[in-house]
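Protein chains in written order, with our numbering: chain A, 748 to 944; chain B, 4 to 61. The beta carbon of each residue, even a glycine, is placed where N, CA and C say it ideally should be. None of the values given here were measured: they were computed from a predicted structure. Since the structure comes first, as C-alpha cells, the remarks are kept for the end.
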Amino acid sequence: MARMKFLCDAERCIECNACVTACKNEHEIPWGINRRRVVTINDGKPGERSISVACMHCSDAPCMAVCPVDCFYQTDEGVVLHSKDLCIGCGYCFYACPFGAPQYPQVGNFGSRGKMDKCTFCAGGPEADKSDTEFKKYGRNRLAEGKLPLCAEMCSTKALLAGDGDVVSDIYRERVVSRGFGSGAWGWGRAYPGQGA
Amino acid sequence: MRIISLTLALAGALALAGCKDTDRPLSYNKGVYGGKADTKLQAKQLETLRHRGMQQAQ
Chain A
748 MARMKFLCDA ERCIECNACV TACKNEHEIP WGINRRRVVT INDGKPGERS
798 ISVACMHCSD APCMAVCPVD CFYQTDEGVV LHSKDLCIGC GYCFYACPFG
848 APQYPQVGNF GSRGKMDKCT FCAGGPEADK SDTEFKKYGR NRLAEGKLPL
898 CAEMCSTKAL LAGDGDVVSD IYRERVVSRG FGSGAWGWGR AYPGQGA
Chain B
4 MRIISLTLAL AGALALAGCK DTDRPLSYNK GVYGGKADTK LQAKQLETLR
54 HRGMQQAQ
C-alpha cells in the first residue's frame with residue numbers, strides 16, 4: 748500500500764466549506780480551531796480558484812523536524828500524528844508548517860497556548876483505537892473503522908480526494924485525461940513553468 | 004514519640020507513592036518519538052480502505 752494522501756482538485760472545488768464543517772462536526776472540534784479550511788485566490792475575479800487545505804501528511808514533515816520534544820510520529824501508512832501527552836505547545840511546528848496546519852486552543856505566548864491540534868487524517872492518535880480517550884484528545888478514528896477521512900468522503904463535487912496515494916493519483920489522472928487539458932493541479936504552472944501546465 | 008515516627012513514615016510512604024512511574028518517557032533520545040505506540044492497521048482494514056478510496060472515482 749502507498750502512503751495515505753489528500754488531493755484537492757481546484758477545478759472542482761466550489762468553496763462550499765462542507766469539508767470544514769464535516770471535520771469540525773465529526774471530531775467535535777472546539778470553537779476557534781480549524782483543522783481544515785478552504786483558501787480562495789482571485790476571489791470574485793477571473794481565474795478564481797479554491798482549495799481545501801489541512802495537514803498534508805508530508806513525507807519529510809517539517810513539523811517533525813523542528814519539534815523539540817519529538818512528539819510526532821508517522822504511521823506505516825504515512826499519516827503524520829502526534830502525542831498530546833508529549834506536546835509542550837511551543838508553536839515551533841506552526842512556524843515550520845507551510846500549510847498552517849497546527850492549531851492551538853488558546854492564544855498566548857510560549858507554553859500558554861495549550862496542546863497543538865491538527866488534522867489526523869481521521870486516524871486518531873496513540874491512544875487505544877476507538878477509545879473515549881482517543882476521541883477526546885484526537886477525534887474519531889475512522890481509518891480503524893475502515894472509513895476514509897469524512898472531509899473527502901462527503902465532498903459533493905469529489906474535489907477533495909483522500910486515501911491510498913496510488914488510487915488517488917489514478918483517479919486524478921483519469922480526470923485530467925477526460926478534461927483534455929493540462930495537469931490541472933493547483934500551482935503546478937507556477938512551480939513548474941512550461942512543463943505541461 | 005513512636006506515634007510521631009509512625010505518622011512521619013506513613014506520610015513519607017504516601018508522598019513517595021505519588022512519584023510512581025507514568026506513561027511519560029523519562030529519558031530523551033533526540034529525534035526519536037518516545038510516546039505511546041499507536042495500533043497498526045490490519046491488512047483487512049487496509050484493503051477495505053483501498054476499495055473505499057476507489058469509490059471516489061464514481
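Contact with chain B by D864/A, beta-carbon distance below 8 angstroms: Here residue 864/A refers to the residue found at position 117 of the first sequence. At a cut-off of 8 angstroms, the C-beta of D864/A has no neighbouring C-beta in chain B.
Positions along the region 825-852 of chain A whose CB lies within less than 8 angstroms of some CB in chain B: Taking a C-beta cut-off of 8 angstroms against chain B, the contacting residues of the region 825-852 of chain A are L828, S830, D832, L833, listed in chain order.
Cβ neighbour criterion (16 or more within 10 Å) applied to V854/A: Looking up residue 854/A in the first sequence gives position 107. Answer is exposed; the Cβ neighbour count stays below 16.
Rounded separation between K862/A and I761/A - CA only: Within the first sequence, numbered from 1, the residue matching residue 862/A stands at position 115. Within the first sequence, numbered from 1, the residue matching residue 761/A stands at position 14. Going by the C-alpha atoms only, they are around 33 angstroms apart.
For K752/A, three-class secondary structure by DSSP: Sequence index remark: in the first sequence, residue 752/A carries index 5 (1-based). In this structure, K752/A counts as strand in the three-state DSSP scheme.
Residue-chain proximity (Y939/A, chain B), Cβ-Cβ < 8 angstroms: The count along the first sequence starts at 1 and reaches residue 939/A at position 192. Output row for Y939/A: interface = no.
Beta-bridge partners of Q850/A, as assigned by DSSP: Taking the first sequence and counting its residues from 1, the one referred to as residue 850/A is at position 103. In the DSSP output, where bridge partners are listed per residue, Q850/A has D864/A.
Alpha carbon of V35/B to alpha carbon of E795/A, nearest angstrom: Within the second sequence, the letter at position 32 stands for residue 35/B. Within the first sequence, the letter at position 48 stands for residue 795/A. Distance between the alpha carbons of V35/B and E795/A: 43 angstroms.
Proximity test, Cβ basis, 8 angstroms: L29/B and chain A: Taking the first residue of the second sequence as 1, we reach residue 29/B at position 26. Not one chain A Cβ lies under 8 angstroms of L29/B.
is_contact[C755/A, chain B] using C-beta, thresh 8 angstroms: Your numbering for residue 755/A matches position 8 in the first sequence. False, the Cβ-Cβ gap to chain B never drops below 8 angstroms.
Cutoff 8 angstroms: K894/A Cβ touching any chain B Cβ: Numbered from its first residue, the first sequence carries residue 894/A at position 147. Taking Cβ atoms only, chain B reaches closer than 8 angstroms to K894/A, which makes this a yes.
Own chain partners of C834/A with C-beta closer than 6 angstroms, once the 5 adjacent residues on each side are dropped: Taking the first residue of the first sequence as position 1, residue 834/A is located at position 87. For C834/A, where only same-chain residues beyond five positions count, the Cβ hits under 6 angstroms are C818, K862, M863.
Option in V923/A, T904/A, G934/A with minimal Cα separation from Q61/B: Here the question's residue 61/B lines up with position 58 in the second sequence. Nearest of V923/A, T904/A, G934/A to Q61/B, Cα basis: T904/A.
Classification of S797/A by the beta-carbon crowding that lies within 10 angstroms, buried from 16 upward: The sequence position of residue 797/A within the first sequence is 50, counting from 1. S797/A is buried by the Cβ-count criterion.
Short CB-CB distance (under 8 angstroms) between Y885/A and chain B: On the first sequence, residue 885/A is found 138 positions in, with the first residue counted as 1. No, because no Cβ of chain B sits closer than 8 angstroms to the Cβ of Y885/A.
Below-8 angstroms beta-carbon distance, R53/B vs any chain A residue: As a position in the second sequence, residue 53/B is number 50, starting the count at 1. By this cut-off, R53/B is an interface position.
Top-ranked residue by Cα proximity to R860/A, from F868/A, S806/A, G779/A: Walking along the first sequence from the start, residue 860/A turns up at place 113. Taking only the C-alpha atoms, the option nearest R860/A is G779/A.
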